[in-house]
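Q: Protein chains in written order, with my numbering: chain D, 1 to 315; chain H, 316 to 634. From the three backbone atoms N, C-alpha and C, an ideal C-beta is built for every residue, glycine too.
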Amino acid sequence: MAINLSLRKKRVDDQAIGVSTSNRLMRNPWYGEVIIYMVLLIAGLVTILPIWLVVVRSFSPTNIISQYPFLLWPIDATLDAYTYIFGTATLLNSFGLTVFITAVGTALNLIMTILAAYGLSKREIPFNSLLMGLIVFAMLFSAGIVPTFMVVRQVGLIDSIWSLIIPQLVSPFNLILMRNYFWSVPPELEESAKMDGATDLRVLVSIVLPLSMPAIATIGLFYAVGHWNEFFGALFYIMDNTKWPLQLLLRSIIIENNFQNMGSAGGWGEVHIRMINPENIKAATIVFATVPILMVYPFLQRYFVQGVKLGAIKG
Amino acid sequence: MAVMNSVQARAPVPFEQSSRRSLLKRMWRWRYIYLFIIPTLIYFLIFSYIPYYGLTIAFKDFKLYSGIDASPWVGLEYFKEFFNSPDFGILLKNTLLISLYRIIFGFPMPIIFALLLNEVRHMPYKRVIQTVTYFPNFLSWVVYAGIIIVFIAPSGVINQVLKSFGMPEVQILTSSTYFVPMLIVTDILKGFGFGAIIYLAALSNIDPQLYEAAVIDGAGKFAQIWNVTLPGIRSTIVVMLILALGGVMNAGFDQIFQLYNASVQDVSDIIDTFVYRIGLQSAQYSLGTAVGLFKGVIGFILIFTANSVVRRTGEYSIW
């Protein structure tokens with residue numbers, strides 16, 4: 001717990017982790033420095049170049065893509081591919097569904113997880129360890145795909161977008177993370193509020209939550225990214241392709257090369273596919289699905305780093 | 316529970332009743348707290364514990380229209396079918412081999428990367444490298460597989476480049492030689508940056524005085540890394556390694572599902588992909604459940620053992 005507390009103090013310089021004074025004690029010889037900086041540069045390039053190349057392709061016309069496979073800056077840049085994908089109803093429909101699932105799902109995840117984690121952080125309540133044990137066991141031993149499918153089917157969620165929200169309401173991992181964080185909230189604060197006659201809910205909402213925002217942001221982002229990237233739930237439970245969330249539609253477009261699911265763009269889709277190289281449509285689709293992640297990336301990076309560190313010392 | 320048992324052991328009956336009453340009284344005192352927990356408990360009951368009952372499908376000749384209860388028991392029939400089929404050996408071999416390759420080649424990468432980053436004193440450079448290398452971790456495997464395919468498809472970037480140099484093309488996606496190495500390499504590319512975070516955190520916790528002492532003792536850079544840095548993150552490395560070993564039954568369903576195809580099924584079909592194909596796609600529910608249960612039990616034993624070992628190292632435990 002001591003580590004947890006110090007983490008909160010240190011959270012501002014998350015990105016600076018790994019800065020130890022050791023580096024200042026003894027410099028590497030100049031060739032050592034050069035090698036280290038070069039190796040890291042290569043590591044950065046091999047991660048970013050494939051993604052960058054896809055971005056460039058999404059702005060490139062057909063003939064350019066087949067002519068210059070390794071194009072790092074667009075030649076004769078065009079927005080055709082984007083015009084096309086924004087003209088299709090299905091992709092936007094899937095996008096809307098995924099936004100809904102992410103927003104509503106994450107909100108419900110947070111409410112359930114925070115309430116339960118707060119309750120389970122009270123070690124003095126009877127049966128606490130039994131309840132915790134049940135949840136940990138559920139995390140370690142899953143009945144598997146088929147029995148879970150049967151339950152989802154039994155409760156009538158097949159082909160409902162709620163099958164992407166309800167069967168994944170609480171992640172045991174996030175619950176444990178949140179509970180451990182609540183342990184670091186000084187109990188005196190809660191006690192004095194209770195003396196003043198505050199209810200448990202009141203204490204949670206006005207005393208504990210404001211102190212726990214870093215952890216809430218962390219698990220909120222864990223949940224949100226999980227919903228955004230959700231694939232298997234939809235694969236298992238949603239047969240109706242008009243209710244496909246983004247990732248399932250993306251698979252059919254960019255991996256299975258199936259453009260039919262995209263619907264026709266204002267009635268001239270078929271013709272249009274022949275006019276535009278599907279390669280740039282695929283690239284544009286990849287970019288389209290990645291931009292939202294990129295937009296929240298600064299938050300993701302900061303809080304995921306924190307989450308990894310919180311998770312590493314749980315228990 | 317423990318409290319009640321110890322009381323029962325030595326107390327006469329009336330005392331037990333009163334202790335039960337005081338237990339109820341204590342529970343009543345925390346009634347609102349229980350109210351917070353109940354929705355989550357119901358959730359786990361429905362979506363984690365009721366499926367355990369569904370595991371009986373593995374021991375029955377399950378038909379969707381007759382339901383679990385009305386389907387007849389067949390004992391270990393489906394387990395025998397699985398263990399005696401040629402699939403069993405192939406699936407187990409692929410699952411363990413792919414996991415093993417991931418550990419041998421993938422596990423050291425974040426450690427090496429963290430050690431290199433730790434040597435960088437120019438903060439903006441370090442930050443840029445971190446920002447860039449963490450990014451692919453947040454992309455879904457669908458999107459990342461899409462990016463990979465741009466490169467390795469029959470007429471993808473790699474083949475176009477090879478062709479322009481007059482070299483023969485390689486069909487990575489359908490080659491049983493190149494497919495698994497491609498899985499390992501792309502998994503490393505997607506995850507090595509983010510995987511380094513935990514080691515960077517461990518590195519930042521090393522006491523700087525240890526380095527000062529090492530320098531006074533005349534230790535060079537490599538001696539410092541060997542005698543101070545590595546011992547400082549050894550426990551983190553051990554914990555991560557044990558956890559990785561505990562997870563060998565998971566060979567990366569997310570990644571393999573997006574990339575595999577019929578031509579590479581002999582090398583890339585793992586237990587999870589098989590369970591999905593058999594259990595849901597071809598609706599052989601009983602066989603699928605049996606194979607899933609086999610995997611679940613082995614996986615549980617492995618991760619449970621892993622945690623016990625980690626706990627014994629005295630560092631930390633996962634739960």
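1. Grouping DSSP H, G and I as helix and E and B as strand, with all else coil, what is H/Lys-378?
2. May I ask which residues mark the beginning and end of the alpha helix (DSSP H) holding D/Ile-176?
3. At the level of alpha carbons, what is the spacing between H/Tyr-347 and D/Phe-137?
4. Is H/Trp-388 helix, strand or coil by DSSP?
5. Run down chain D in chain order and give the residues with a C-beta less than 8 Å from the C-beta of H/Gly-506.
6. Near D/Phe-304, what residues of its chain come up, given a Cβ to Cβ distance below 6 Å and the 5 sequence neighbours on each side ignored?
7. Is the CB-CB distance between D/Phe-141 and H/Gly-611 below 7 Å?
8. Cβ atoms of D/Ala-81 and D/Ser-58: under 7 Å apart, would you say?
9. Just the C-alpha distance for H/Asp-384 and H/Thr-371, rounded to the nearest angstrom, thanks.
10. Decide if D/Pro-298 is buried, meaning its Cβ has at least 16 other Cβ atoms within 10 Å, or exposed.
11. Between H/Ala-460 and chain D, is any beta-carbon pair separated by less than 7 Å?
12. Given that a residue counts as buried once 16 or more other Cβ atoms are within 10 Å of its Cβ, and exposed if not, what is D/Trp-73?
13. How many angstroms separate the CA atom of H/Arg-626 from the CA atom of H/Gly-508?
14. Would you say H/Thr-448 faces chain D, with C-beta separation under 7 Å as the test?
15. Classify H/Glu-434 as buried or exposed, calling it buried when 16 or more other Cβ atoms lie within 10 Å of its own Cβ.
16. Give, in chain order, every residue of the region 562-582 of chain H whose Cβ lies closer than 9 Å to some Cβ of chain D.
17. Assign H/Tyr-600 to buried or exposed, taking buried as 16 or more other Cβ atoms, counted over all protein chains shown, within 10 Å of its Cβ.
18. Could you tell me which of D/Leu-310, D/Phe-259, D/Pro-292 sits nearest to D/Phe-95, measuring between CA atoms?
19. Can you tell me the Cβ-Cβ gap for H/Asn-452 and H/Val-582, rounded? I've got them flagged as a contact below 8 Å.
20. What does H/Glu-392 touch in chain D if you count any residue whose Cβ is under 8 Å from its own?
21. Flag D/Arg-179 as yes if its beta-carbon sits less than 7 Å from any beta-carbon of chain H, otherwise no.
22. Find the nearest neighbour of H/Ile-467 within the set D/Thr-98, D/Pro-126, D/Pro-50, judged by alpha-carbon distance.
23. So, is the C-beta of H/Arg-627 closer than 7 Å to a C-beta in chain D?
24. Between which two residues does the alpha helix (DSSP H) containing H/Asn-622 stretch?
25. Just confirm the distance between the C-beta atoms of H/Ala-516 and H/Ala-529, as a whole number of angstroms; I'd bet it's less than 8 Å.
26. How about D/Ala-116: is its C-beta nearer than 7 Å to some C-beta of chain H?
27. Note down, one range per segment and in chain order, each alpha helix (DSSP H) of at least 4 residues found wholly within the region 435-462 of chain H.
28. Just to confirm my understanding: we take H/Phe-377, look at its own chain, exclude 5 residues before and 5 after, and list those with CB closer than 7 Å. What are they?
29. According to DSSP, is H/Gly-561 helix, strand or coil?
30. Here's a check: name, in chain order, each residue in its chain whose Cβ is nearer than 6 Å to the Cβ of D/Lys-282, leaving out the five neighbours to either side.
31. Would you list, in sequence order, the uninterrupted alpha helix (DSSP H) runs of no fewer than 4 residues that lie entirely inside the region 513-578 of chain H?
32. Anything in the region 210-229 of chain D with a Cβ closer than 9 Å to a Cβ of chain H? List those residues in chain order, please.
33. Measure the Cβ-Cβ separation of D/Leu-164 and D/Ile-101 and say whether it is below 7 Å.
34. Is the beta carbon of H/Trp-345 closer than 7 Å to that of D/Ile-125?
35. Do D/Ala-116 and H/Thr-355 have their CB atoms nearer than 7 Å?
36. For H/Tyr-514, which residues from the same chain have a beta carbon less than 7 Å from its beta carbon, with the 5 sequence-adjacent residues on both sides left out?
A: Answer, in terms of the structure:
1. coil
2. 172-183
3. 25 Å
4. strand
5. Within 8 Å Cβ-Cβ: nothing; H/Gly-506 doesn't reach chain D, min ~10 Å.
6. none
7. yes
8. yes
9. 9 Å
10. exposed
11. yes
12. exposed
13. 27 Å
14. yes
15. buried
16. Phe-568, Asp-569, Phe-572, Gln-573, Leu-574
17. buried
18. D/Pro-292
19. Going by Cβ atoms, the distance from H/Asn-452 to H/Val-582 rounds to 26 Å, so no, they are not a contact pair.
20. The premise fails here: H/Glu-392 is roughly 16 Å from chain D at the closest Cβ pair, so nothing lies under 8 Å.
21. no
22. D/Pro-50
23. no
24. 600-627
25. Going by Cβ atoms, the distance from H/Ala-516 to H/Ala-529 rounds to 21 Å, so no, they are not a contact pair.
26. yes
27. 438-449
28. Ile-383, Ser-386, Tyr-600, Ser-601
29. helix
30. Ile-254
31. 523-531, 536-539, 545-561, 568-574
32. Val-225, Trp-228, Asn-229
33. yes
34. yes
35. yes
36. Pro-425, Ile-426, Ala-429, Ile-548, Thr-551
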